[in-house]
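Residue numbers (this note's numbering), protein chains in the order written: chain A, 7 to 95; chain B, 42 to 152; chain C, 1391 to 2318.
Every residue, glycine too, gets a C-beta built ideally from N, C-alpha and C.
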Amino acid sequence: MLEIVVPLSLVIYALSALLTILRMALGPDIPDRILTLDALYVNAIALIILFGVYLGSTAFFEAALLIAMMGFVGTTAVCKYLLRGNIIE
Amino acid sequence: MAYVIGVLFASAVYMMLRRSIVKLVIGLMILSNAANLLIFTVSGMTRGSPPLIPEGLTEPAGVVADPLPQALVLTAIVIAFGVLAFAVVLIHRAYEVVGTDDLDKMKDTDT
Amino acid sequence: MLLSLILLPFIGSLLPLLAAHKGRTVCSWLTAAPPACALLLLLSTAPAVFQGELLTIRWDWIPALGLNIGFRLDGLAFLFALLILAIGLLVILYGHYYLSAKDSHGRFFSLLLLFMGAMMGVVTADNLLLMVVFWELTSLSSFLLIGFWGHRRDARRGARMALTVTGGGGLALLAGVMVIGHIVGSFELSDVLAAGDILREHHLYPVALVLVLLGVFTKSAQFPFHFWLPHAMSAPTPVSAYLHSATMVKAGVFLLARLYPALSGTELWFIMLSLVGLSTMTLGAVVALFKHDLKGLLAYSTISHLGLIVLLFGLDTQLAVVAALFHTVNHATFKASLFMSAGIVDHETGSRDIRLLSGLRHYMPITAALGLIAAAAMAGVPLMNGFLSTEMFLGEAIEQRVLGGWSWLIPAVAVFAKVFSVAYALRFIHSVFFGPKPGPLPKQPHEPPFFMRAPIVILVVLCLAVGMLPALIVGPLLSVAAASTTQTILPQYTLEIWHGFNLPLALSVLAMVLGVFLYSQRHRLFNLWNRLPPLSAPDVFEFILHSILVQGSRRITKLLESGHPQNYLLILFLFTIALAGAALLQLPSLHGGVSMTAIDFPSLAIAMTMIVAALGTAILHRNRLTALLFLSVVGLGVALVFARFSAPDLVLTQLSVEVVSIILLMLILFLLPRQNQRDSSVQRLWRDAVVAGVGGLSLGILTFAILTRPLDSISKFFLAESVSGGGGTNVVNVVLVDFRGFDTFGEITVLAIAAIGIFGLLDGMRLFNPRHLGHHYAKDRHPMLLSVLNMPLLPLALMVSLYIFMRGHNLPGGGFIAGLITAIALILQYLTNGLNWTNERLNDNFHPLVASGVMIAGLTAMGSWFFGMPLLTTAHTHVHLPVLGEIPLATAMVFDLGVYLTVVGATLVILENLGKLKPFTSQPTTEP
């Protein structure tokens, strides 16, 4: 079961990453694009975790952890810029 | 992978040839990404076997990815950030002195 | 001992600078000490040298290039070294009184000693390449000395001209030496001197000879390169006395003497030297008579005498060589004293114009007497040293038969030049010191201080002593010098004051009578001279320089340096692409034979994502924020590629750096104002696009070509040694902190320097009022929700970073990554809660952090020294850091801690300082 589901999910998430990037290219607004970036981070987390499951390796889980954290910080920074201009006040 | 590096490099060059300083910086970032990828990929693309040695063994079991380019790229990434930061601040300083971020206008070498 | 002889002046050149503030007297004493010591050392070698011994020392320097540090002291070198040191000492004494209080004593003496050391190097070097190095050093230091009064235009001009001419000659000399080395197979002087026959037979001999002679002629101011010497007279007089009479211009003569056994004895040698020498001698003598400037007169006279010496070498008999060396010594003594006299006149009257000066014997009788004797020596009056060497010269000139039926031409021209030489010597003495008292002068003339005259007294006494007792005083020195010059046994010759009535004496008398007559008719000659079109050497020189060199280079510069940084980049890119492209084109086939890995969909998707993102960045670059977002997608994609191809450490690093970079760019976007869109022209867009496309294409092909070829990696060693040697199972981390720890140390140092550099750049920087057109910002500075949400994140992040740090050695992680995570966690606090809030809770000075990081890493590295192990380890020796024996993990961890601290500190310094910049929104800023 797992050997079918995991590759399938990988493909689906890859597809979704492609679609998100399409959305980012299309826009139309800056907040939209920031959201897509955030969504892309989520996709990346999923891809990495699934990949780890697929390989049976835990070596990449920290990477997922880090994306979760870093992605948040990145999004925060961009939002802050959009809201206030200066991000460190 | 070759395509990816090619495209990355192409857009980096294109961005760096634009007039605005910010674009120069962005181009620089893409360029460093492209270069890192280049170093990384030419060392061979090994899938799914990180250069980790399992507990209790002294040598890795089976074929693993080449650790040396990875180490080099790792420091390269960090250094790239340092260089980028320095370039950015330098540019900002230049902008402040010259009063423009248009590279075409930064002609006078004396200012 | 030989080494200290050469090193003393160089080391001594630091002393005057150090003692400059101690007052002039101390400074001068300290300056005189090293040459005095060197002179004593030199004299102590005299017995050995006079026995005909050859003192040498030698070390290998760059043996692969045939360049060794070697010095030799033989008779010839001894003679010149004696001149350099002895006259140098006298010049220092003279210079002490000559320089005014306004001139920097320390700088002057330092340069003088530097020059002295360089000259010593030239005359004692045992390796031709080494000699060229010192030769260039004399050119450089003489440039500085001539331009000592840099506020004066003529000084700058003269210095520039001297440097251009002698430096150019130095290049020719270097080329000539290379050719000689190529022919002989060695640059060692002893080999070259022994290989004279091989040299003369070789078909490259003319090339070598002409190139070397170019060096000689420029340095010794031979026609047609003589013009720089008169303009070098804008130097302070001690410099003229030293460089342009006694030493530097004699370097060319020295080189002729040094290479005499190797290069002389051919038709070409004779023709070049005798023609150049003859024309220089005549031209110098004639022009000297018409110079109204005392130093100008002396300069042209020097040119004339140098021509005489060169001519003597050209005559190519052994006695001529003796005469040449003899005249070199004599010329140095009388010309230095004449220059010093001229300097005294200039110093005490404020003028050097012969037309203004007259009757100075009433004011300075002693100087007048000294000048008289020196000038008599120059004119070749009997009982003076100049008489003896000119007699020898005339004798040789009569004896030679090299021009066949035209051989009488050489003595005839020599007498002609001598007539003028007598006339200008008379003019120097009679017009300046005799006649009626002068009209109003800039200064009231009087005798100079005793010690300013002392050097002249010494030199003049020497002139007389040599003139009267030649065999006793210079006989042995001359014979040993001449013997080592020709490298053979000299024929019998006598140095005597009286040779009896013979043809040379008759010619001398004739020349003297004619010279006096010429001088009495000088006013007519001057009228004639004045009708000649004025031709200023510097103007001609600069015209040539300007029209050909400067304009040409300017055109090239304009082409390349257009002032558009993009164009520079474009040129660089094009060049790189051309280089890589050329290499690619030579490949027989692109595909190297290794089959490609199959493509799976997720990889493809990642690749596609990145491509779209990269293109998106490029296409949508108008909107900076969008471009940035795409940029972070590219970064994310790179991280995913790293993940896909098994590099977990890289994933972590790439992600953290990505975020830090985004924050950095956000800050920069805020700091740089948005400006109106500027469109480049369509052609330019296309041009750039094509360049970028071609570049990308070639790089892609390159990658493809490499990827499809088999790969041989050196990492097997690292993989095998990681656990047993480095004590860690994460090979990447072990490589970083252990095998290649020195690299890592270098890199954290770079990071630290970058951080400090940024701090320095930002220090005191003010912001313009950012022009964010029509953009309304939210009023809430720090949204409550965000800050509350963030608070628990800090300990969480710190914990993660600690975890990653600790396990770094065995599993993905390590100092770099942990440092970045910590930095980001702290930056997040700045983001959400603001600068003030965070700084209240956190010491905002991160510099100690950076410093301690680098120090910890460095100390850990050096710690191995205490255990007798080499610093860290290198990949070459493979001696691995077994510090503390059984717990190698610990030292590597400490090193990693240093890395960690540096990364945290540097990142925070960079970002926090950027964040600190505040726009001055409240008050209008003025443009600088």
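State the DSSP-derived secondary structure class of residue i, mapped to helix, strand or coil.
i	result
C:D1516	coil
C:E1837	coil
C:W1798	coil
C:D1493	coil
C:F1461	strand
A:N49	helix
C:N2120	strand
C:D1736	helix
C:D1743	strand
C:D1706	coil
C:D2133	helix
B:D107	coil
C:H2266	Below a pLDDT of 50, predicted positions are generally treated as unreliable, and C:H2266, at 31, falls in that range; the measurement from the model is reported next regardless. Residue state, collapsed to three classes: coil.
A:D35	coil
Quick check: what's the CA-CA separation for residue i versus residue j?
i	j	result
C:S1610	C:A1804	19 Å
A:I55	A:L21	16 Å
C:A2265	C:T1446	The pLDDT assigned to C:A2265 is 32, lower than 50, so where the model puts this residue is not dependable; a value taken from the coordinates is nonetheless given after this. The alpha-carbon atoms of C:A2265 and C:T1446 are separated by roughly 41 Å.
C:L1431	C:F1916	50 Å
B:A135	C:A2037	38 Å
C:N2303	C:E2137	21 Å
C:L1760	C:L1619	25 Å
B:H133	C:L2151	9 Å
C:D2286	C:G1511	50 Å
C:L1649	C:T2250	57 Å
C:L1728	C:F1818	9 Å
C:S1993	A:P13	12 Å
B:F50	C:A2082	7 Å
A:L61	A:I10	13 Å
C:H2270	C:L2040	Caution applies to C:H2270, whose pLDDT of 42 falls short of 50 and renders its modelled position unreliable; the value that the coordinates give is listed next. Taking the straight line from one Cα to the other gives about 25 Å.
C:I1354	C:G2027	The structure shown has nothing for residue 1354 of chain C, since chain C only spans 1391 to 2318.
C:H1572	C:V1600	15 Å
C:G1667	C:D1450	38 Å
C:R2348	C:I1756	The shown model of chain C, from 1391 to 2318, leaves out residue 2348 of chain C, and the question about it has no answer.
C:G1674	C:T1966	55 Å
B:G123	C:G1560	44 Å
Does the ligand MN have a heavy atom nearer than 8 Å to the CB of residue i?
i	result
A:A52	Ligands displayed in this structure: none; no statement on the ligand MN is therefore possible.
What are the boundary residues of the beta strand (DSSP E) that includes residue i?
i	result
C:L1445	1445-1452
At what residues does the alpha helix (DSSP H) containing residue i begin and finish?
i	result
C:F1783	1775-1789
C:F1916	1912-1921
C:I1401	1392-1402
C:L2175	2174-2180
Would you mind giving the Cβ-Cβ distance between residue i and residue j, rounded to the nearest angstrom? I have them listed as a contact below 8 Å.
i	j	result
B:I71	C:A2004	6 Å
C:V1850	C:A1764	6 Å
C:S1869	C:L1880	6 Å
B:L113	B:I80	6 Å
C:G1749	C:P1828	6 Å
C:V1812	C:M1902	5 Å
C:L1603	C:M1662	6 Å
C:I2214	A:V84	That pair is no contact at about 14 Å.
Using a C-beta to C-beta distance shorter than 7 Å, which residues of chain E count as neighbours of residue i?
i	result
A:I54	The chain labelled as chain E is not found among the protein chains of the depicted structure, namely A, B and C.
Decide if the stretch 1413-1423 of chain C is in contact with the stretch 1510-1525 of chain C; the criterion is three or more beta carbon pairs, one per stretch, under 8 Å apart. These segments do not touch.
Three or more C-beta pairs below 8 Å linking the stretch 1421-1429 of chain C and the stretch 1530-1547 of chain C: As far as the Cβ criterion goes, the stretch 1421-1429 of chain C does not touch the stretch 1530-1547 of chain C, which means the pair count is below three.
Any 3 or more C-beta pairs closer than 8 Å across the stretch 1473-1485 of chain C and the stretch 1550-1557 of chain C: As far as the Cβ criterion goes, the stretch 1473-1485 of chain C does not touch the stretch 1550-1557 of chain C, which means the pair count is below three.
Counting pairs of Cβ atoms below 8 Å between the stretch 2288-2299 of chain C and the stretch 2139-2149 of chain C, do you hit three or more? Contact between the stretch 2288-2299 of chain C and the stretch 2139-2149 of chain C is present, because at least three Cβ pairs lie under 8 Å.
Check whether the stretch 1855-1870 of chain C and the stretch 1491-1499 of chain C touch, using three or more Cβ-Cβ pairs below 8 Å as the test. No contact exists between the stretch 1855-1870 of chain C and the stretch 1491-1499 of chain C.
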